[in-house]
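Visitor: In terms of my numbering, the sequence shown opens at residue 1206 and continues consecutively.
By construction, the Cβ of each residue, glycine as well, lies at the ideal position given by its N, Cα and C atoms.
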Amino acid sequence: MDRFLSNAVNRIDAKGRVSVPAHFRSVLQRRGYGELYALRALDVPALDVGGLDLLDRYEQRIALEDPFLQTADDMSFFCHGDGMFLKLDQDGRITVTDFMREHTGISSEIAFVGRGNFFQIWEPQRLSAYGAQVRARLLQLRRGTGEGRVEEAE
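#1: Is residue 1309 helix, strand or coil when you go by DSSP?
#2: Among the residues of its own chain, which have a CB less than 8 Å from the CB of residue 1310, if the five just before and after it don't count?
#3: Which of the three DSSP states is assigned to residue 1215 in this structure?
#4: Which value, in whole angstroms, describes the spacing of the CA atoms of residue 1292 and residue 1300?
#5: Which ranges does the alpha helix (DSSP H) cover as unbroken runs of at least 4 residues, wholly within the region 1216-1288, from first to last along the chain?
#6: Shortest alpha-carbon distance to residue 1308 belongs to which of 1322, 1253, 1271 and 1346?
#7: Where residue 1281 and residue 1243 are concerned, what is the direct C-alpha to C-alpha distance, given to the nearest angstrom?
#8: If you drop the 5 nearest sequence neighbours on each side, which residues of the same chain put their C-beta closer than 6 Å to that of residue 1278?
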């Protein structure tokens, strides 16, 4: 398995560290990530976390923009100014910083959520509320299009 799947909640220890879930660490190891890149998500109170390939993807997109237009500057500000590197210690833990706490509202626990090629870090209650919103939107979409509907027996 080479994707970040599922979710887990881990407690932050007294030194401000949290263990990255074992199944996420195995993906990180298979991908050869020695350092992690974390970016404050634009539209939700979460951090997008991946390897340097995640940062590379954003920088490649910035390079397509005209460097004299505001869009390129805004994108660079977002990817570089709202991003940080995270180091995994030998036990698979990361340090929870004020940078992370300010955007997410994290206090004593962290929810890790797989997103395929990257994962997100959330405050657990905020993740629960967001998950309910996502499921409601998808259910509304399904009901609106009629796809996958199961008709009730009369």
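Guide: Reading from the atomic positions:
#1: Counting from 1 along the sequence shown, the entry for residue 1309 is found at position 104. It is helical.
#2: The residue given as residue 1310 occupies position 105 in the sequence shown. Cβ-Cβ distances below 8 Å link residue 1310 to 1250, 1328 and 1331 in the same chain, with the five nearest sequence neighbours on each side left out; the list follows chain order.
#3: For the purposes of this step, residue 1215 is taken as the residue at position 10 of the sequence shown. Strand, per DSSP.
#4: Along the sequence shown, one-based indexing puts residue 1292 at 87. Along the sequence shown, one-based indexing puts residue 1300 at 95. Straight across, the Cα-Cα distance linking residue 1292 with residue 1300 is about 8 Å.
#5: Counting only runs of 4 or more, we get 1227-1236, 1257-1268 and 1275-1281.
#6: In the sequence shown, residue 1308 corresponds to position 103, counting from 1. Nearest C-alpha to residue 1308: 1253.
#7: Start at 1 with the first residue of the sequence shown, and residue 1281 comes out as number 76. Start at 1 with the first residue of the sequence shown, and residue 1243 comes out as number 38. Cα to Cα, residue 1281 sits roughly 14 Å from residue 1243.
#8: As a first step, residue 1278 must be located in the sequence shown, where it is residue number 73. Here the set comprises nothing.
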